[in-house]
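In case it helps, numbering that gives the first Met the number 0 puts the sequence shown at residues 0 to 203.
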Amino acid sequence: MEDYREPVGLEGKLQYHIECQAGDIAPVVIVPGDQGRVEKIVSRLSNTKKIAENRGLITYTGKFNGKPVSVTSTGMGGPSASIAYEELINVGARVLIRIGSVAGLQEYVNEGDIVVPYGCVRDDGASNYYVPANFPAVPSPDVYSSLTASARTHGREIVTGINWTHSCFYKRDPEYFQSWSRRRVVSLEMEASALFVISYLRGV
0 MEDYREPVGL
10 EGKLQYHIEC
20 QAGDIAPVVI
30 VPGDQGRVEK
40 IVSRLSNTKK
50 IAENRGLITY
60 TGKFNGKPVS
70 VTSTGMGGPS
80 ASIAYEELIN
90 VGARVLIRIG
100 SVAGLQEYVN
110 EGDIVVPYGC
120 VRDDGASNYY
130 VPANFPAVPS
140 PDVYSSLTAS
150 ARTHGREIVT
160 GINWTHSCFY
170 KRDPEYFQSW
180 SRRRVVSLEM
190 EASALFVISY
200 LRGV
């Protein structure tokens, strides 16, 4: 039987797409989709070093409050992001924290709110290549608790609930959107369910 915790690709060695190897990556990696967000995050770190840039996947490693952290852009959508997630885990990532934009599906979700989902509707396609349709996409309980506690400590408004991950940014079916809103789904984006499934399967 296949053990999904086993690395896919070259464990510890130079990875095909992110062009990082063991020792380049901190255990905690922030994974925005957008390259521009990488630069904004890195501006808040100290002792930063640019590790690699290849095919839109940019990686820096530095320190935040004295603790090592890496930042890697993943590109948009589950297929591109899943490559980055797999390869980061191959070279030592143990906590992956996604930062990005979402569309709010409830009236109480306001611009500037921090959305921390405790599960995803798996409508993304990429995660279907890993697990069957009835397999859930949920974050690590420890990471979820840490993120929500940290946001509250800093006085930020947070929204928790179920997120909808899908693959088509320009989907033109208002009724489909409204159907998930009626089911109290709070947000919509394109990468989280792949992150949750891959992280669970790889044991990180």
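By construction, the Cβ of each residue, glycine as well, lies at the ideal position given by its N, Cα and C atoms.
According to DSSP, simplified to helix, strand and coil, what is V28? Counted from its first residue, the sequence shown places residue 28 at position 29. Reduced to three states, the DSSP call for V28 is strand.
Classification of D123 by the beta-carbon crowding that lies within 10 angstroms, buried from 16 upward: Counting from 1 along the sequence shown, the entry for residue 123 is found at position 124. Around the beta carbon of D123, a 10 Å sphere encloses 16 or more other beta carbons of the protein chains shown; the residue is thus reported as buried.
Would the stretch 24-31 count as touching the stretch 91-111 if we require 3 or more Cβ pairs under 8 angstroms? In this structure the stretch 24-31 lies against the stretch 91-111, because at least three pairs of beta carbons, one per stretch, are closer than 8 angstroms.
Could you pull the DSSP bridge partners for G160 from this structure? Numbered from 1 along the sequence shown, position 161 holds the residue referred to as residue 160. In the DSSP output, where bridge partners are listed per residue, G160 has P116.
Quick test of the definition: if touching needs 3 or more C-beta pairs under 8 angstroms, does the stretch 72-79 touch the stretch 50-58? The stretch 72-79 is in contact with the stretch 50-58.
I need the boundaries of the alpha helix (DSSP H) containing A80, first residue and last residue. Position 81 of the sequence shown, counting from 1, holds the residue named residue 80. Annotation: the continuous alpha helix (DSSP H) that includes A80 extends over G77 to N89.
Could you check which residue in I29, G65, K48 and I50 has the C-alpha nearest to that of I206? As shown, the chain starts at 0 and ends at 203. That puts residue 206 outside it, with no answer to give.
Return the residue from the list D112, V137, N46 and A51 that minimises the CA-CA distance to I197. Position 198 of the sequence shown, counting from 1, holds the residue named residue 197. Answer by Cα proximity: V137.
R36 - DSSP class collapsed to helix/strand/coil: Position 37 of the sequence shown, counted from the first residue, corresponds to residue 36. Residue state, collapsed to three classes: helix.
Out of R183, A150 and A125, which has the shortest C-alpha to C-alpha gap to F195? In the sequence shown, counting from the first residue as 1, residue 195 sits at position 196. Checked all of R183, A150 and A125; the closest Cα to F195 is A125.
Boundaries of the beta strand (DSSP E) in which V70 is found, first to last residue: Residue numbering aside, residue 70 sits at position 71 when the sequence shown is read from its first letter. Boundaries of the beta strand (DSSP E) harbouring V70: K66 to T71, taken from the DSSP string.
Tell me whether the beta-carbon of E188 lies closer than 8 angstroms to the beta-carbon of T164. Indexing the sequence shown from 1 puts residue 188 at position 189. Indexing the sequence shown from 1 puts residue 164 at position 165. The answer is yes: Cβ separation under 8 angstroms.
Taking buried to mean at least 16 other C-beta atoms within 10 Å of its own C-beta, is Y84 buried or exposed? Residue numbering aside, residue 84 sits at position 85 when the sequence shown is read from its first letter. Under this definition Y84 is a buried residue.
Would you report the Cα separation of P173 and F134, rounded to the nearest angstrom? The residue given as residue 173 occupies position 174 in the sequence shown. The residue given as residue 134 occupies position 135 in the sequence shown. Per the coordinates, the alpha-carbon of P173 lies some 27 angstroms from the alpha-carbon of F134.
Could you tell me if M0 is buried or exposed, where buried requires 16 or more neighbouring beta carbons within 10 angstroms of its beta carbon? Along the sequence shown, one-based indexing puts residue 0 at 1. Bear in mind that a pLDDT of 48 at M0, under 50, signals an unreliable position, so the number given afterwards is only what the model happens to contain. When all chains shown are included, M0 counts as exposed.
Could you round the C-beta distance between R236 and G160 to whole angstroms and report it? I think they count as a contact, below 8 angstroms. Residue numbering for the chain in the displayed model covers 0 to 203; residue 236 lies beyond these limits and cannot be assessed.
Consult DSSP for L13 and reduce its assignment to one of helix, strand or coil. Here the question's residue 13 lines up with position 14 in the sequence shown. Coil, per DSSP.
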